[in-house]
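> Each residue of the sequence shown is one higher than the one before, counting from 1 in the UniProt record's numbering. So that we are looking at the same thing, I have put the structure below in structure tokens.
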Amino acid sequence: MFKDSAELAENKLLILYILNNINMPISNSDITHIILENNLINYFALQQYLSELIESNFIRDEKADKRHSLSITKEGKKTLDLFINRIPDKKKHIIDEYINRHLNEIKKEVESIAEYLPYLNDKFIVNLKLKEGDKLLIELKITADSNSEANNICKKWKNNSSELYEKIINTIKS
1 MFKDSAELAE NKLLILYILN NINMPISNSD ITHIILENNL INYFALQQYL
51 SELIESNFIR DEKADKRHSL SITKEGKKTL DLFINRIPDK KKHIIDEYIN
101 RHLNEIKKEV ESIAEYLPYL NDKFIVNLKL KEGDKLLIEL KITADSNSEA
151 NNICKKWKNN SSELYEKIIN TIKS
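Structure, rendered in structure tokens:
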């Protein structure tokens, strides 16, 4: 029994450690990907731990722009600070290395938002956003003539949002 409760605590602390080190809200699929790719916790246990951490207010689950994002709360940070020594150094090193290699990919996924909704006469409104943490850098609303065109605009934004943002800002400011 003691091994099970120690493992439970270690796994929950590991989740808090990841959220703390990424230092920005991420999706459930992002944290799941990090955990599973590094073989740290099985999928079903992870989802249970996430639910329990949200319920006990160690993790915040926020919905914005039709997306859920997870972030560590103050209570979660305090708990992590108190018990960080219960996470094996080997696991912390694995997470640190993974975050260092993939943080830009994680940020890009979280920051770039593209969606479209039906408008008038078979047209669509495409809403494009770029965020840096909680800060909105840019928001564009564009009319598309078809579902296909709206979908293509969203794909291009998702794949090139940083470059497009720079071009827009440079054009406007110069």
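Glycine residues also receive a C-beta, built at the ideal position from the N, C-alpha and C atoms. Given the structure is predicted, the values throughout are model-derived calculations rather than measurements.
(1) Cα separation between CYS154 and LEU70?
(2) In terms of residues, what are the limits of the alpha helix (DSSP H) holding SER148?
(3) Skipping 5 residues on each side, what residues in its chain have a beta carbon closer than 6 Å to that of GLU139?
(4) In angstroms, rounded to a whole number, what distance separates the CA positions of ARG60 and SER27?
(5) Determine, using beta carbons only, whether ASN160 and ILE99 come nearer to each other than 8 Å.
(6) What does LYS141 pair with, by DSSP beta-bridge criteria?
(7) Starting from SER112 and walking both ways along the beta strand (DSSP E), at which residues does that stretch end?
(8) Between ILE95 and TYR17, which are expected to be in contact by the criterion C-beta below 8 Å, what is the C-beta distance as a whole number of angstroms?
(9) Quick one, which of LYS167, LEU50, HIS102 has its alpha-carbon nearest ASN11's?
(10) Give the DSSP-derived three-state secondary structure of PHE2 in the structure shown.
(11) Under three-state DSSP, which class holds LEU53?
(12) Tell whether a beta-carbon distance below 8 Å holds between LEU141 and SER112.
(13) Please work out which residues of its chain come closer than 6 Å, Cβ to Cβ, to ASN170, disregarding the five sequence neighbours upstream and downstream, and give them in chain order.
(14) Thinking just about the alpha-carbon of each residue, which of PHE83, THR143, ALA144 is nearest to the one in ILE15?
(15) Which residues in the same chain as LEU19 place their Cβ atom closer than 8 Å to its Cβ, once the five residues preceding and following it in sequence are excluded?
(16) Please list, in chain order, all residues of the same chain as TYR165 whose beta carbon is under 7 Å from its beta carbon, the five residues on each side excluded.
So, from the listed chains and residues:
(1) The sequence position of residue 154 within the sequence shown is 154, counting from 1. The sequence position of residue 70 within the sequence shown is 70, counting from 1. Whole-angstrom Cα-Cα distance: 24 Å.
(2) Taking the sequence shown and counting its residues from 1, one reaches residue 148 at position 148. Start and end: 147-173.
(3) Residue numbering aside, residue 139 sits at position 139 when the sequence shown is read from its first letter. Once the five neighbours on either side are set aside, the close Cβ partners of GLU139 are LYS129.
(4) For the purposes of this step, residue 60 is taken as the residue at position 60 of the sequence shown. For the purposes of this step, residue 27 is taken as the residue at position 27 of the sequence shown. So the alpha carbons of these two residues sit roughly 11 Å apart.
(5) Mapped onto the sequence shown, residue 160 falls at position 160. Mapped onto the sequence shown, residue 99 falls at position 99. Contact: no.
(6) Taking the sequence shown and counting its residues from 1, the one referred to as residue 141 is at position 141. Looking at the DSSP assignment, LYS141 forms a beta bridge with ASN127.
(7) Counting from 1 along the sequence shown, the entry for residue 112 is found at position 112. Where SER112 is concerned, the enclosing beta strand (DSSP E) stretches over 112-118.
(8) On the sequence shown, residue 95 is found 95 positions in, with the first residue counted as 1. On the sequence shown, residue 17 is found 17 positions in, with the first residue counted as 1. Right, the Cβ-Cβ distance comes to about 6 Å (below 8 Å), so this counts as a contact.
(9) Position 11 of the sequence shown, counting from 1, holds the residue named residue 11. Out of LYS167, LEU50, HIS102, LEU50 has the C-alpha closest to the C-alpha of ASN11.
(10) Along the sequence shown, read from residue 1 onward, the residue named residue 2 stands at position 2. Confidence at PHE2 is low in this model, with a pLDDT of 40, below 50, so the placement of that residue should be treated as unreliable; the coordinate-derived value is given next. Correct three-state label for PHE2: helix.
(11) Looking up residue 53 in the sequence shown gives position 53. LEU53: helix per DSSP, three-state reduction.
(12) Position 141 of the sequence shown holds residue 141. Position 112 of the sequence shown holds residue 112. Sequence check: residue 141 is Lys here, not Leu. It is not a contact, given that the beta carbons lie outside the stated cut-off.
(13) Mapped onto the sequence shown, residue 170 falls at position 170. If we look at ASN170 and ignore the five residues flanking it on each side, it has no Cβ neighbours.
(14) Numbered from its first residue, the sequence shown carries residue 15 at position 15. Checking every option, the nearest Cα to that of ILE15 belongs to PHE83.
(15) Taking the sequence shown and counting its residues from 1, one reaches residue 19 at position 19. For LEU19, where only same-chain residues beyond five positions count, the Cβ hits under 8 Å are ILE26, ILE31, ILE59, LEU70, SER71, ILE72, GLY76.
(16) As a position in the sequence shown, residue 165 is number 165, starting the count at 1. Answer for TYR165: LEU130, LEU137, ILE138, listed in chain order.
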